[in-house]
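Enquirer:
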Amino acid sequence: ELVYLNGWIGSFEDAYISVNDRGYNFGDGVYEVVMAYDGVMFALDDHLKRLAASAAAVEMDLPWDLQQLKSIAEDVLVKSSIKRAMIYIQVTRGTAPRNHFFEPDIRPNLLVTVRYAPETDPAMYREGVKVITHPDFRWQMCHVKTISLQANIMAKNRARRAGVAEVVFVLPDGTVTECGSSNIFIYQDGVLKTHPANNKILAGVTRQYVLQVAGSLGLDIKEEPFNVSELFKANEVFYTNTVIEVMPVVNVDGHVIGNGKPGPVTTQLHQGFITLRESLK
Ligand code: PLP
3 ELVYLNGWIG
13 SFEDAYISVN
23 DRGYNFGDGV
33 YEVVMAYDGV
43 MFALDDHLKR
53 LAASAAAVEM
63 DLPWDLQQLK
73 SIAEDVLVKS
83 SIKRAMIYIQ
93 VTRGTAPRNH
103 FFEPDIRPNL
113 LVTVRYAPET
123 DPAMYREGVK
133 VITHPDFRWQ
143 MCHVKTISLQ
153 ANIMAKNRAR
163 RAGVAEVVFV
173 LPDGTVTECG
183 SSNIFIYQDG
193 VLKTHPANNK
203 ILAGVTRQYV
213 LQVAGSLGLD
223 IKEEPFNVSE
233 LFKANEVFYT
243 NTVIEVMPVV
253 NVDGHVIGNG
263 KPGPVTTQLH
273 QGFITLRESL
283 K
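Okay, so the sequence shown: first residue is 3 according to full-length UniProt numbering, each after it adds one.
(1) Between which two residues does the alpha helix (DSSP H) holding Met156 run?
(2) Sort Glu238, Tyr26, Ala236 by Cα distance to Arg100 and report the nearest one.
(3) Can you tell me the Cβ-Cβ gap for Pro266 and Val252, rounded? I've got them flagged as a contact below 8 Å.
(4) Hey, how far is the Cα of Asp23 from the Cα of Gly31?
(5) Would you say Asn101 touches the ligand PLP, meaning its beta carbon is less than 8 Å from a heavy atom?
(6) Counting only runs that start and end within the stretch 50-89, where is the alpha helix (DSSP H) found for 4 or more residues in a row?
(7) Quick one: is Leu271 buried, meaning 16 or more other Cβ sit within 10 Å of its Cβ, or exposed?
(8) Could you tell me which of Glu3, Ala38, Val178, Thr242 sits nearest to Leu282, measuring between CA atoms?
(9) If we call anything under 9 Å between Cβ atoms a contact, is Tyr241 one with Cys181?
(10) Say whether the stretch 103-121 touches the stretch 59-70, bearing in mind that this needs 3 or more beta-carbon pairs closer than 8 Å, one atom from each stretch.
(11) Do you know offhand how far Lys195's Cα is from Glu225's?
(12) Please confirm whether any heavy atom of the ligand PLP lies closer than 8 Å to the CB of Gly31.
(13) Please confirm whether any heavy atom of the ligand PLP lies closer than 8 Å to the CB of Asn261.
(14) Any idea which residues DSSP pairs Asn185 with across the strands?
(15) Alpha carbon to alpha carbon, how far is Ile259 from Asp191?
(16) How would you call Tyr211, buried or exposed, if buried means at least 16 neighbouring beta carbons within 10 angstroms?
(17) Measure from the alpha carbon of Arg162 to the alpha carbon of each residue in His136, Val248, Asn185, Lys147, then state which is nearest.
(18) For the pair the stretch 73-86 and the stretch 230-246, tell me if three or more CB-CB distances fall below 8 Å.
(19) Between Tyr189 and the rest of its own chain, which residues show a CB-CB distance below 6 Å, the 5 nearest in sequence each way excluded?
(20) Helix, strand or coil, according to DSSP, for Lys263 in the structure here?
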């Protein structure tokens, strides 16, 4: 496992950053998580474009262009020799004595870590998982992949204490937005629904590729908000993110989804996603 920090490369044990890093003090930063299969990163361009968009949304000027970020990430991955890797890319606003105000010339800190990708228990894909709903108590800029994840962390750990895999965020009007660290989809009578990519969700890279697969399978795709009762009644439910890809959900707040087993459309979409990402290598 390997760390890149502002041009330095070494081990986790030897990597240090100032306690005045604004990521440490304020959570003032943005990030990406990318997967590599057989030593090749999947959808790196999509992730770096989103990183640039997140930085722009929080008024952070990146001193690197996408090509430079790409070669840094690829270099650390190659040096790590890890084939199935999880690459974490984090940019904080920079280092300065703690003060909400930041100077216009502050230089961001760039961290890239390469680790063995965590294995997801195959039984979870085979049998599906349970989730619970939780008030979406986050902010108005959920389209930004910020490292400030206090709300997500609290909600996800409530889910864990409830003995379930993920938390589904619900707005006060009953609208389902997304999950603690993934996007959620429902399938009902030929229609695949997921929340539109606006400021209320993070537009997942996996979400986009799954929608592409769904289109090629001829599903009727509706990027529309849906509410909790639609979620409870859906034929199939699943969530997506970079590391997990597509996870079937078989129980929401105790309501059994479909026949309590992963549905055929979910399975087809996951298979199609794997085929697509293999073809893009
Ligand atoms: N939504 C949230 C809140 C997330 O944290 C994530 C990823 O961690 C996603 C959605 C899924 O995004 P992606 O598919 O790009 O990993």
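Cβ coordinates follow ideal geometry from the N, Cα and C atoms, glycine included.
Expert: From the atom records:
(1) 152-163
(2) Tyr26
(3) Between Val252 and Pro266 the Cβ distance is about 13 Å, and since that is not below 8 Å, they are no contact.
(4) 10 Å
(5) no
(6) 68-82
(7) buried
(8) Ala38
(9) yes
(10) yes
(11) 6 Å
(12) no
(13) no
(14) Thr242
(15) 14 Å
(16) buried
(17) His136
(18) no
(19) Asn237, Glu238, Val267
(20) coil
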